[in-house]
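Have a look at the structure below, then the notes.
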């Protein structure tokens, strides 16, 4: 590992440390794009489609253009700009056809928000309404309308994706391992089930917002609430054909992202308006309702799993078919599909595996990255399936998991061999189980059950995830020493709440041997000032940027030692340092302070040596490869973070109501750089996971209109929904190439919370749930053996839109 | 604000009556604003005049008198929860108040506002119905009194006529000491509209159920007798409601849960 040290040798890593942003955030001083106003700034509003699919017959902007304060109006016809990262399928504004409810068809910039809103209302759009394709399984039928008839002409990353022109399939990811036919032939049991979950919203506290100024000479300045300054710049330059040096992206404090602010968002819309308004800056901030339908969501999933098991309970073959609902645009969903495809089995060894993962276009708001990047959704299926398979073969589900869990020597779906240092999922599962007294009820629990009449059940679910990123993902960190010997850290990895900067500061402190208070991590990101980082996604930030930070600290020290060696007339090998100075090891009283060297050392006679002290650290993921597009073989994983949740729930069998009594979460984080940050991520992610498990989800009417586009009917949990007891723990199997042994854990806490709950509910009552979320009514229906309500697309306000299961694509 | 309106704050009933007469079609009364302002923001209402009743004399008065507990139109839901008189003599009122929205919303939301909207999911209506509360209705020509059991006339419709306003709510002295409990089925433990809500009140020998979110209006059921068993009681309550299916739940689950809640409440409130 980078900077290999035993825990007891570490001064700052592995301990609590204050967040550098606490004071600004608690006092309200932290400035977000939402707070910003620039001189001459205009406000933008968009005209949105009330239809899921329609031809735009005519847009009349005449009335709107004559309204007071209006400076620019733009429609899709005027903007020939396609945007995308993996598959370039989206225009800035709908052109010719609208593809989902809430899609932008025109935009206005005006002096005030009120004037912009009035003008947007006054834009007249005539539509020819077309029959939409709403359910992703319906979209596979041969006679389904095509959401993108021009799919064959779109650009895409051919090394990773396979669109199927002439269908609604934006990507087909394949994985073939071993011989599944032979495996199934040898199986003593075969269990096949289907699971699904709906689209959900990220709901960051700060909605999407950007200010863009298209300046003279096509120099563009962007201030945005985004996760990845360099990806915003890169995609923006590609879309508009601008040189990278012409575009500057700045990101101040960000009020949450959860994946929804990965890639590019509302920046191009503001840009075209600013250009048309003669270069005045234009601000657009989404309302909460727009956050639900104009901006992207998490894809829905239908996952079919067929498992062959030996008489001894070993999985011998598994066929896995994922149907991902990308909605109207698939730029990010294709990569969710790919990343989920190669992890599709969960943390279990499957000797013979066959995966088909499809990304399917529908006429609904589109999917994007969301904490877990597909793993929350498919682990719901995998970890409920493990429970149901165990039940079908008469084995305890915990034992069944342990028997099939990845261990050193196991091969993953892509053929990677698990090493002793890869991480220990067995330890996570066992510890989570122990923490809830899995297997039986304590005397207190029995007593509680007697008093309340509610049944108590306990469940366990495991998880794994590797960062979904290009195999050559890179980053850099620059350290600059200030005149007083303190250090400024510049990096373009964005801290939008995770706490990564706290850990980066500890890593820099540790490697420099400086107290953390002497180190400042600059919060605002700026592509004109910061070194490159690909994106703040995938739980890769701590590992890649942490390594770059160590290298930057070593570089800074080397540069300081070089100056000190000259000043002290010593060989650099004879030097040592503390937090204040570099000195001779054999004469510690002879030294030179960092502050005197910080901006160049002045010798007594006035001569100068050195120069401002800077440290540069560059790091690129090592040894990863593209995957074979036919077999899925390759090395995609920077690191695997394993984990498990244990859940105790009490359920009222008469009503389906339930309460979560305890969650115990255990992750193999390699090394906890900051146990408080790990705990913060663990509890936050667990609650977000519980939200999607218990109540969240998009509900559409039969025409594809979103029926619950706000917090009125799209609830998310609050502090009152916290389980009565929460335990978080770590297993520490150091990551050999991670900073001080660490690996990422930002997304993992959300994964497998839902199946742990589902498993516990089933243990308590026998209710067999295969749909998310698990509302009280869903539990009641399962207990009563009633048809589940599948109202995520409704024919009437409530109803069923179960699609024909025969509509499966042929291999 | 995305919709401009004039703000008027009458200082007397006469002023209010005159303003309502002038703005019968384009005026809206503002109390806490927790319903009105979101409705304006969402374009549901586009009033050109908003008439604030908080500046009326005694608008915020919460008084215990010989006739009972009297609430002015600006009395907030948290005022009820903070009132010793309400807590000690009308605990049922507090049980419902506590289930309404969140603490922050309850700081603004008024009891009167919660009932004049006549939302089927009003949380205060079941309490006012079960406690025989009376609406004191003001107008330019004087006051009239109407029991709340005659107040709700349809979905979001009340017996208030043009030019009238809810001037005061009186919870009668005869209802003091009533015991009860309110069960509200929600999607999350915090701030939510009810999927269904059932209030059960024992007042003297009389049994009352107030049901929310299960019919076009909040419903009072006072035909259950002490001799009825739990199943009979549930059947009687269900006979008086007509729940629908929507994004919050299906008709059949609402019906089932009303029965569950009736049985649970009969066992809980002895």
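Residue numbers (our numbering), protein chains in the order written: chain A, 1 to 811; chain B, 1001 to 1270. The beta-carbon is built from N, C-alpha and C at its ideal position, and this holds for glycine as well. Just so we're clear, the structure is a prediction, and the values are computed from it rather than from any experiment.
- Going by beta carbons, residue 615/A and residue 479/A fall inside the 9 Å limit.
- Minimum Cα-Cα distance from residue 1254/B among the listed residues 1206/B, 1140/B, 1186/B corresponds to 1186/B.
- For residue 1054/B, the CB contacts under 6 Å within the same chain, skipping 5 residues up- and downstream, are 1074 in chain order.
- In the three-state scheme derived from DSSP, where H, G and I count as helix and E and B as strand, residue 9/A is classed as helix.
- By the CB criterion at 9 Å, residue 1080/B and residue 1056/B fall outside the cutoff.
- A straight-line Cα-Cα distance of about 46 Å links residue 1130/B and residue 48/A.
- Closest by C-alpha distance to residue 506/A, out of 497/A, 496/A, 520/A, is 520/A.
- In this structure, residue 460/A sits near residue 401/A, with a CB-CB distance shorter than 9 Å.
- Residue pairing by DSSP places residue 644/A opposite 462/A, 666/A in a beta bridge.
- A Cβ-Cβ separation of about 19 Å leaves residue 639/A out of contact with residue 499/A under the 8 Å criterion.
- Listed in chain order, the positions of the region 677-710 of chain A with a beta carbon within less than 7 Å of a beta carbon of chain B are 695, 699, 707, 708.
- Cβ-Cβ distances below 8 Å link residue 613/A to 480, 481, 556, 559, 560, 563, 594, 597, 598, 599 in the same chain, with the five nearest sequence neighbours on each side left out; the list follows chain order.
- In this structure, DSSP gives residue 1147/B an extended state, which the three-state scheme calls strand.
- If you check each beta-carbon in the region 1180-1199 of chain B against every beta-carbon of chain A, the ones closer than 9 Å belong to 1185, 1186, 1187, 1188, 1189, 1190, 1191, 1192, 1193, 1195.
- Counting along the chain, no alpha helix (DSSP H) covers residue 33/A, and no H or E run does either.
- Secondary structure note for residue 127/A: its beta strand (DSSP E) is the uninterrupted segment 124-129.
- CA-CA distance, residue 340/A to residue 1097/B, rounds to 47 Å.
- Distance from the CA of residue 291/A to the CA of residue 700/A, rounded to the nearest whole angstrom, comes to 16 Å.
- With a beta-carbon spacing of about 19 Å, residue 85/A and residue 325/A fall beyond the 8 Å limit used to define contacts.
- In the three-state reduction of the DSSP assignment, residue 715/A falls in the coil class.
- For residue 109/A, the uninterrupted beta strand (DSSP E) run begins and ends at 104-110, by DSSP.
- At least one C-beta of chain B is nearer than 9 Å to the C-beta of residue 117/A.
- Counting other Cβ atoms within 10 Å of its Cβ, residue 1041/B stays below 16 and is therefore classed as exposed.
- Taken in chain order, the whole alpha helix (DSSP H) runs of length 4 or more contained in the region 160-238 of chain A are 180-186.
- Residue environment analysis places residue 530/A among the buried positions, since at least 16 neighbouring C-beta atoms fall within 10 angstroms of its C-beta.
- Annotation: residue 1007/B has no Cβ neighbours in chain A at a cutoff of 9 Å; minimum Cβ distance is about 16 Å.
- Inter-residue distance for residue 199/A and residue 301/A is about 8 Å (C-alpha atoms, whole angstroms).
- In the DSSP annotation of this structure, residue 25/A is not part of any beta strand (DSSP E); the continuous alpha helix (DSSP H) holding it starts and ends at 22-27.
- Contact of residue 1248/B with chain A is assigned, a C-beta pair being separated by under 9 Å.
- For residue 654/A, the chain B residues whose C-beta falls within less than 7 Å of its own C-beta are 1260, listed in chain order.
- Annotated three-state conformation of residue 534/A is coil, per DSSP.
- Around the beta carbon of residue 662/A, 16 or more other beta carbons lie within 10 angstroms, which makes this residue buried.
- Among the residues of chain B, those whose CB is under 9 Å from the CB of residue 780/A are 1253, 1256, 1257, following chain order.
- Taken atom to atom, the span from the alpha-carbon of residue 617/A to that of residue 284/A is near 36 Å.
- Secondary structure note for residue 577/A: its beta strand (DSSP E) is the uninterrupted segment 575-577.
- In its chain, beyond the 5 residues on either side, 183, 184, 187, 190, 316, 317 have a beta carbon closer than 6 Å to the beta carbon of residue 308/A.
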